[in-house]
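Novice:
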Amino acid sequence: MIIIRNLDKRYNNLFHAVKNIDLKIEKGDIFGIIGLSGAGKSSLIKMINKLESPTSGEIIINGEDILKINNKKLLEKRKKIGMIFQHFNLLSSRTVKGNIAFALEICGWGKKEIEERVNELLKLVELEDKKENYPSQLSGGQKQRVAIARALANNPDILLSDEATSALDPKTTKSILNLIRDIQKKLGLTVVLITHQMEVIRDICNRVAVMSNGEIIESGLVHEIFLQPKNQITRELISYLPMEEEKEIEFQKIKGRKIIKLSFIGDVANKPIISDVIKKYDIDINIISGSIDALTTMRIGHLVVELNGDEKLQKRAINAFEEVRIKVEVIYNG
Ligand code: ADP
């Protein structure tokens, strides 16, 4: 578990990049930190392994404040925290095997053990056939796979990812995100990733914190934030996603029509709530459009429907939806 308390970072005693942040990241989380460029994400993630020193605050990893331990202990802790970067940071003069071995050489592993471990890691990232290649002979996705293997060499508990898919095309991004998710499951890792892309959060994170101007402005479970974003910046970041619900919904604007949008998370979607409400309140519901956003933890469904019938009963139907945590937005009330 990672506990961050009152974390503050000023550059040159002047620029306030991270402002008094509190965060709790549970073991096994894939925790995403999202925000626009300059929000302070990179400063924050680099403080977790002390690549960057905080101005004040606490970072407690598995019960120990890494800002209070001596250098020897810090090096030991760092072995248990792997990190990957946007531009891979591979050594161009070393082969794939040599890049991964490097992380083990500096920790004093023997030649035979290194060979065995490198082979194991290459299998894990599905790059066994590229062992003797140099980074310049690899695609972006393959380079990131090498970087992931290197980051995992010392069996870390934590993987930090600094915009790891930002330099990749959408298809390669998906394959790297799938790899991170598989590895997280297989090894029980805690993953902390920063990104400016909401699709990364949607595709692999279970929790998210939204950062703006050095502060966490909103955080929680991914499906809850997607369903009910409280902050305007979060809404904007979600709106950049090419989701079905963003399409213009066409209907005739006739006086007396009432059109509402219902949004619900997976477990609600499995129950026949809509038909129950129709029966109970004796109103007519016509479905105009529907879509589903698949998040990593669950699905969010959206239905745009027209309500017909007695106004009072319509209100009671809306209350009935809200009681079972279906979000209701009136999008036309003619
Ligand atoms: P993000 O990762 O969200 O883009 P950063 O953490 O990189 O944000 O940067 C946050 C702010 O801190 C930016 O305004 C940036 O210019 C500033 N900053 C980052 N690193 C340094 C540095 N080494 N010296 C001075 N200012 C910095």
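For the sequence shown, numbering that gives the first Met the number 0 begins at 0 and goes up steadily by one.
Glycine is no exception: its CB is placed at the ideal position from the N, C-alpha and C atoms.
Pick out whichever of I291, N212, P271 has its Cα sitting closest to the Cα of D7.
Specialist: Along the sequence shown, one-based indexing puts residue 7 at 8. Here the closest residue by C-alpha is N212.
Novice: Is it a yes or a no for the segment 274 to 282 touching the segment 305 to 317, going by three-plus beta-carbon pairs under 8 Å?
Specialist: Verdict: yes, contact present.
Novice: Between the alpha carbons of H15 and K45, how many angstroms are there, rounded?
Specialist: For the purposes of this step, residue 15 is taken as the residue at position 16 of the sequence shown. For the purposes of this step, residue 45 is taken as the residue at position 46 of the sequence shown. If I take the Cα positions, the gap works out to 15 Å.
Novice: Please determine, among T233, N12, R149, the residue with the shortest C-alpha to C-alpha distance to V95.
Specialist: One-based indexing of the sequence shown puts residue 95 at position 96. Here the closest residue by C-alpha is R149.
Novice: By the 10 Å Cβ neighbour count, where 16 or more other Cβ atoms means buried, how is L226 classified, buried or exposed?
Specialist: The sequence position of residue 226 within the sequence shown is 227, counting from 1. Its Cβ being crowded by 16 or more others within 10 Å, L226 is buried.
Novice: Could you tell me the alpha carbon to alpha carbon distance between L126 and R144, rounded to whole angstroms?
Specialist: By 1-based counting over the sequence shown, the position of residue 126 is 127. By 1-based counting over the sequence shown, the position of residue 144 is 145. Cα to Cα, the separation comes out at about 8 Å.
Novice: Distance, Cα to Cα, E334 vs K72?
Specialist: Residue numbering for the chain in the displayed model covers 0 to 333; residue 334 lies beyond these limits and cannot be assessed.
Novice: How should R234 be labelled, buried or exposed, when 16 other C-beta atoms within 10 angstroms of its C-beta is the threshold for buried?
Specialist: Numbered from 1 along the sequence shown, position 235 holds the residue referred to as residue 234. R234 comes out exposed.
Novice: In this structure, how does DSSP classify A208 when only helix, strand and coil are distinguished?
Specialist: As a first step, residue 208 is located in the sequence shown; it is residue number 209 there, counting from the start. Here A208 sits in strand by DSSP.
Novice: So does F361 have its beta carbon nearer than 7 Å to some heavy atom of ligand 1?
Specialist: The structure shown does not extend to residue 361, since the chain is modelled only from 0 to 333, so the question has no answer here.
Novice: Going residue by residue through the segment 78 to 147, where are the continuous beta strand (DSSP E) segments of at least 3 residues, counting only ones entirely within it?
Specialist: Correct list: 80 to 84.
Novice: What is the DSSP secondary structure of E328, counted as helix, strand or coil?
Specialist: On the sequence shown, residue 328 is found 329 positions in, with the first residue counted as 1. Strand, per DSSP.
Novice: Tell me whether V221 is buried or exposed, calling it buried when 16 or more other Cβ atoms sit within 10 Å of its Cβ.
Specialist: Along the sequence shown, one-based indexing puts residue 221 at 222. By the neighbour-count rule (16 or more Cβ atoms within 10 Å), V221 is buried.
Novice: With distances taken Cα to Cα, identify the nearest neighbour of K78 among G27, F30, L159, K254.
Specialist: Along the sequence shown, read from residue 1 onward, the residue named residue 78 stands at position 79. Out of G27, F30, L159, K254, L159 has the C-alpha closest to the C-alpha of K78.
Novice: Return the bridge partner residues of F14 from the DSSP annotation.
Specialist: Counted from its first residue, the sequence shown places residue 14 at position 15. Bridge partners of F14: Y10.
Novice: What residue does the alpha helix (DSSP H) around V276 start on, and which one ends it?
Specialist: One-based indexing of the sequence shown puts residue 276 at position 277. Note, V276: alpha helix (DSSP H), 272 to 280.
Novice: To test your reading of the DSSP string, which unbroken alpha helix (DSSP H) runs of 4 or more residues are found completely within the segment 177 to 244?
Specialist: You should have 197 to 203, 221 to 226, 231 to 238.
Novice: Measuring CA to CA, which of R256, I203, I182, S174 is closest to L120?
Specialist: As a working note, residue 120 is residue 121 in the sequence shown. Per the Cα distances, I182.
Novice: Which residues in the same chain have their Cβ closer than 7 Å to the Cβ of L166, if we skip the five residues on either side of it in sequence?
Specialist: Here residue 166 is taken as the residue at index 167 of the sequence shown, counted from 1. It is worth fixing the name first, because residue 166 is Ala in this sequence and not Leu. Cβ neighbours of A166 beyond the five flanking positions: Q85, H86, G139.
Novice: Please tell me whether I157 and V124 are closer than 8 Å, where the distance is taken between their beta carbons.
Specialist: Within the sequence shown, the letter at position 158 stands for residue 157. Within the sequence shown, the letter at position 125 stands for residue 124. Contact flag unset, no.
Novice: Could you check whether the segment 90 to 110 touches the segment 45 to 63, counting it as contact only if at least three pairs of C-beta atoms, one from each stretch, sit closer than 8 Å?
Specialist: These segments do not touch.
Novice: Have a look at I232, D309, V304, L302 and flag the residue whose alpha-carbon is nearest the alpha-carbon of I33.
Specialist: As a working mapping, residue 33 is identified with position 34 in the sequence shown. Looking at the Cα atoms, I232 is the closest of the given residues.
Novice: First and last residue of the alpha helix (DSSP H) that includes A319?
Specialist: Locating residue 319 in the sequence shown gives position 320, where the first residue counts as 1. Its alpha helix (DSSP H) spans residues 310 to 322.
Novice: For E245 and K129, what's the separation of their Cα atoms in angstroms?
Specialist: Taking the first residue of the sequence shown as 1, we reach residue 245 at position 246. Taking the first residue of the sequence shown as 1, we reach residue 129 at position 130. With a pLDDT of 46 at E245, under the threshold of 50, the modelled position of this residue cannot be trusted, and the question is left open.
Novice: Short of 6 Å in beta carbon distance, which residues of its chain neighbour E243, apart from the five on each side in sequence? Order them along the chain.
Specialist: One-based indexing of the sequence shown puts residue 243 at position 244. The predicted position of E243 is uncertain, since its pLDDT is 45 and thus under 50; no value can be drawn from it.
Novice: One question on the structure: do I216 and E328 come within less than 8 Å of each other, judged by their Cβ atoms?
Specialist: Here the question's residue 216 lines up with position 217 in the sequence shown. Here the question's residue 328 lines up with position 329 in the sequence shown. Contact: no.
Novice: Do the CB positions of I335 and I325 come within less than 8 Å of each other?
Specialist: The question about residue 335 has no answer, for the chain in this structure spans 0 to 333.
Novice: At the level of alpha carbons, what is the spacing between L35 and I3?
Specialist: For this step, residue 35 is matched to residue 36 along the sequence shown. For this step, residue 3 is matched to residue 4 along the sequence shown. Cα-Cα distance, rounded: 21 Å.
Novice: Report, in whole angstroms, the separation of the C-beta atoms of T54 and R116, which I expect to be a contact under 8 Å.
Specialist: Here residue 54 is taken as the residue at index 55 of the sequence shown, counted from 1. Here residue 116 is taken as the residue at index 117 of the sequence shown, counted from 1. Not quite, the Cβ-Cβ distance comes to about 38 Å (not below 8 Å), so this is no contact.
Novice: Would you list the one or two residues that DSSP bridges to E63?
Specialist: Here residue 63 is taken as the residue at index 64 of the sequence shown, counted from 1. DSSP lists I60 as partners of E63.
Novice: Excluding five sequence neighbours on each side, which residues of the same chain lie with their C-beta closer than 6 Å to the C-beta of P169?
Specialist: The count along the sequence shown starts at 1 and reaches residue 169 at position 170. Here the set comprises nothing.
Novice: Buried or exposed for K142, please, with buried defined as at least 16 other CB atoms from any protein chain shown within 10 angstroms of its CB.
Specialist: For the purposes of this step, residue 142 is identified with residue 143 of the sequence shown, where counting begins at 1. When all chains shown are included, K142 counts as buried.
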